[in-house]
Amino acid sequence: AYDSVTDGWDDHKGFLLELSRYDGFREVMYDSFEGAWALKRAGYATDPLYAIKLIRIIDTYDLRELDRTGL
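Counting in my numbering, the sequence shown runs from 5 upward without gaps.
So, in structure tokens, the structure goes:
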């Protein structure tokens, strides 16, 4: 459990940006389509449809503009 939502997001961002298993994700993380597939390849989720579902959410809510957001 985290003391705040911010603490949870900071932890999540930390392991995506620091763990070597996510090296491939970091190479493409500013492209949501490529990033979703890279997360799947890294074993981020056990759902075999994870990348497809994530991309569908990104498209449904027009979230591609967030690809331009820096960390």
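All residues carry an ideal CB built from backbone N, CA and C; glycine is no exception.
Counting only runs of 4+ residues, the alpha helix (DSSP H) found wholly inside the stretch 20-61 occupies 27-32 and 36-45, in chain order. Within the same chain, and ignoring the five residues on either side of GLY28 in sequence, the residues whose Cβ sits closer than 8 Å to its Cβ are ALA42, ARG45 and ALA46. Around the beta carbon of TYR26, a 10 Å sphere encloses 16 or more other beta carbons of the protein chains shown; the residue is thus reported as buried.
Between the beta-carbon of ASP71 and that of TYR34 there is about 5 Å, and that keeps the pair under the 8 Å contact cut. LEU67 carries a coil assignment under DSSP once its states are collapsed to helix, strand and coil.
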